[in-house]
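J.:
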Amino acid sequence: MRALVLSVITASVANACPYASMQGGARILVADSNCGSFASKTCLVSPSCAKIYPQNPISDTSTAFTEVDAVGDLTNYPNKAFNLYHNAIKSVTNMDLSSFTYLSLGRNPLETIANVNFTNNLVFFDIAGCPVSNFVLNVDAFATLDALDKWTDRSSEAAGFRVSQSIASNASACTAVNGKLKLLWEGKTSHTVSVCVLGDLSLLSALAANNSSTGTSTTLVAGLLIGGIVLVVVGAMIVIQRKKEGKWFVPRPKSEDFAPESEPQTPPHESCQYIATSCSPSNQRDQYVYVATI
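Residues -16 to -1, 1 to 278, numbered by mature numbering (1 follows the signal peptide of the UniProt record, and there is no 0), are exactly what the sequence shown covers, in order.
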């Protein structure tokens, strides 16, 4: 009997949903074993790991998502761009995002970003409109973000960072985890972004130099190749121009050109694939989709 009871308890623990601590009505975006019954690698689940919208599987090419309250394990996420703009996410913690090139978290009630990994693969990072008060990064992730330049909201190119307000990480909480406060994007924005950095801060200079040299090397290689592909570039420019004249490019709505500074403008999107919604503008006046090269 005791063996049977222990077997039942062990099975229950093994089958426990890892998201059980989240609020009852939460819609959690995951790319883990919970999506196994779907043909797609990414899915929405409840805190009990029950599938949400099982009749509408998410395409493996989808990179932009709505109706998301939290983010879970993304181990099997198949893309390098991740667009969670204007959802209900309050925290992003303990995640390996090292393969991402594009990450938009803008317009979420996001309070905590902690223990996430970035690498110099990342070229676009968006936290505009997020009330972040707890921002904790290791030295490598900090150096990656700090190397980004500010994104200009008049550009459809997805490159740089977006922040719309100052962030003051708690000094006492930072000290408690053996971290030190450091200003992120200092001199690149009018906002003061204070981050709790874990690790040896003396490594930041070397990491910054490495990020800079990586960018320089990439530019040099590109420059050497230009002479041999002039005809290809000219042909591509013609194709791009034709796309802009057609329906492949969605121009910025005129109303957004006059949006107040307190209302962050919509960032460039990699695609217009959503969960349970269409690609048409939603009832939020600024949720338009841009086609951008990632």
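Every residue gets a Cβ at the ideal spot worked out from N, C-alpha and C, and that includes glycine. Please read these numbers as outputs of a predicted model, since none were measured by experiment.
So, Asn118 versus Ala142, is the Cβ gap smaller than 8 Å?
T.: To locate residue 118, count along the sequence shown from 1; it is residue 134. To locate residue 142, count along the sequence shown from 1; it is residue 158. No, the Cβ-Cβ distance between Asn118 and Ala142 is not below 8 Å.
J.: So, helix, strand or coil for Asn71, using DSSP?
T.: On the sequence shown, residue 71 is found 87 positions in, with the first residue counted as 1. Looking at Asn71 - three-state DSSP - the assignment turns out to be coil, as it is neither helix nor strand.
J.: Nearest to residue 297 by CA position, among Thr45, Val107, Ile12, Leu167, is which residue?
T.: What the structure shows of the chain is the stretch from -16 to 278, and residue 297 is not part of that stretch, so it cannot be assessed.
J.: Measure from the alpha carbon of Asn78 to the alpha carbon of each residue in Val120, Asn40, Arg91, Tyr69, then state which is nearest.
T.: Here residue 78 corresponds to residue number 94 of the sequence shown, with the count starting at 1. When only C-alpha atoms are compared, the closest one is Val120.
J.: Within its chain, find whatever has a CB closer than 8 Å to the CB of Ala125; leave out the 5 residues flanking it on each side and keep chain order.
T.: Locating residue 125 in the sequence shown gives position 141, counting from the first residue. These residues qualify, in order along the chain: Val100, Asn101, Phe102.
J.: Could you tell me the distance, in whole angstroms, from the CA atom of Ser266 to the CA atom of Leu28?
T.: Along the sequence shown, one-based indexing puts residue 266 at 282. Along the sequence shown, one-based indexing puts residue 28 at 44. Confidence in Ser266 is poor, its pLDDT being 37 and thus under 50, which makes the residue's placement unreliable; the coordinate value appears in the next sentence. Their Cα atoms are separated by approximately 20 Å.
J.: May I have a chain-ordered list of the beta strand (DSSP E) segments no shorter than 3 residues that lie completely inside the region 94 to 121?
T.: 96 to 101, 108 to 110
J.: Rounded to the nearest angstrom, how far is the Cβ of Ala34 from that of Lys25, given a contact under 8 Å?
T.: Translated into the one-based positions of the sequence shown, residue 34 becomes position 50. Translated into the one-based positions of the sequence shown, residue 25 becomes position 41. Not really, about 18 Å apart at Cβ, beyond 8 Å.
J.: Apart from the five residues just before and just after Asp53, which ones in its own chain have a Cβ nearer than 6 Å to its Cβ?
T.: For the purposes of this step, residue 53 is taken as the residue at position 69 of the sequence shown. In its chain, beyond the 5 residues on either side, Ala10, Arg11, Ala72 have a beta carbon closer than 6 Å to the beta carbon of Asp53.
J.: Suppose the cutoff is 6 Å on Cβ atoms and the five residues either side in sequence are ignored; what does the same chain contact list for Leu87 look like?
T.: The residue you call residue 87 lines up with position 103 of the sequence shown. For Leu87, where only same-chain residues beyond five positions count, the Cβ hits under 6 Å are Phe66, Phe109.
J.: Just how far apart, CA to CA, sit Gln149 and Pro62?
T.: As a working mapping, residue 149 is identified with position 165 in the sequence shown. As a working mapping, residue 62 is identified with position 78 in the sequence shown. Answer to the nearest angstrom: the Cα atoms are 32 Å apart.
J.: Which runs of the beta strand (DSSP E) fall wholly inside the region 4 to 31 and span at least 3 residues, in chain order?
T.: Counting only runs of 3+ residues, the beta strand (DSSP E) found wholly inside the region 4 to 31 occupies 12 to 14, 27 to 29, in chain order.
J.: How many angstroms separate the CA atom of His175 from the CA atom of Trp169?
T.: As a position in the sequence shown, residue 175 is number 191, starting the count at 1. As a position in the sequence shown, residue 169 is number 185, starting the count at 1. Taking the straight line joining both Cα atoms gives about 9 Å.
J.: For Ala152, which option in Arg146, Val177, Thr136, Asp130 has the closest C-alpha, if you only look at C-alpha atoms?
T.: Residue mapping note: residue 152 aligns to position 168 of the sequence shown, counting from 1. When only C-alpha atoms are compared, the closest one is Val177.
J.: Where Gln39 and Cys19 are concerned, what is the direct C-alpha to C-alpha distance, given to the nearest angstrom?
T.: If you number the sequence shown from 1, residue 39 lands on position 55. If you number the sequence shown from 1, residue 19 lands on position 35. Near 13 Å, if we compare the C-alpha coordinates of Cys19 and Gln39.
J.: For Cys1 and Ser32, I'd like the C-alpha separation in whole angstroms.
T.: By one-based count along the sequence shown, residue 1 stands at place 17. By one-based count along the sequence shown, residue 32 stands at place 48. One C-alpha to the other measures close to 6 Å.
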